[in-house]
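Here's the structure, in structure tokens; my notes come after.
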Amino acid sequence: MANLTDVKKRYLITDSGNEKFYLIDFIKVNQESGKLGEIPMIIIDGKPFTYHYKEVNEKIEISKKDIKRIEILESKKSIPLYGNDGKYGVVQVYTY
Numbered sequence: 000m001a002n003l004t005d006v007k008k009r010y011l012i013t014d015s016g017n018e019k020f021y022l023i024d025f026i027k028v029n030q031e032s033g034k035l036g037e038i039p040m041i042i043i044d045g046k047p048f049t050y051h052y053k054e055v056n057e058k059i060e061i062s063k064k065d066i067k068r069i070e071i072l073e074s075k076k077s078i079p080l081y082g083n084d085g086k087y088g089v090v091q092v093y094t095y
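Structure follows, in structure tokens:
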């Protein structure tokens, strides 16, 4: 995964090597199955981290080993909760 698009850069985590692509790979699988759209919102421990119109693409300040659970909210469930921010679905990441 040498050439990352700006969209994919949103989902890099702090690990090195292939581990830094953990969320990108997780999102890709769920996009292919139709559960997530192009730029899903990321919520970490209840706090929104990234969403489709956010300009800055910084690494997500967690490591794969810190992730305890990941839940997906498809757009039909996330739009009523998060409005337009959730139009591509939501990935909820829990570190506790």
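Sequential numbering from 0 applies to the sequence shown in numbering that gives the first Met the number 0. Just so it is clear, CB atoms sit at the ideal spot from N, CA and C, and this is done for glycine as well. Bear in mind the structure is a predicted one, so any value in this text is a computation, not a measurement.
Local conformation of residue i per DSSP, three classes
i, result
"Y52", "coil"
"Y93", "strand"
"P79", "helix"
"K27", "helix"
"K46", "strand"
Selection from the options that minimises the alpha carbon distance to residue i
i, options, result
"T94", "K75, K53, I42, S77", "I42"
"E60", "N29, P47, I38", "P47"
"G85", "E57, I38, V28", "I38"
Residue burial classification, residue i (beta-carbon count within 10 angstroms, cutoff 16)
i, result
"T13", "exposed"
"L35", "buried"
"T4", "exposed"
"G88", "buried"
"L72", "buried"
Contacting residues, own chain, Cβ-Cβ under 7 Å from residue i (five flanking each side not counted)
i, result
"K63", "I12, D14, E18, Y21"
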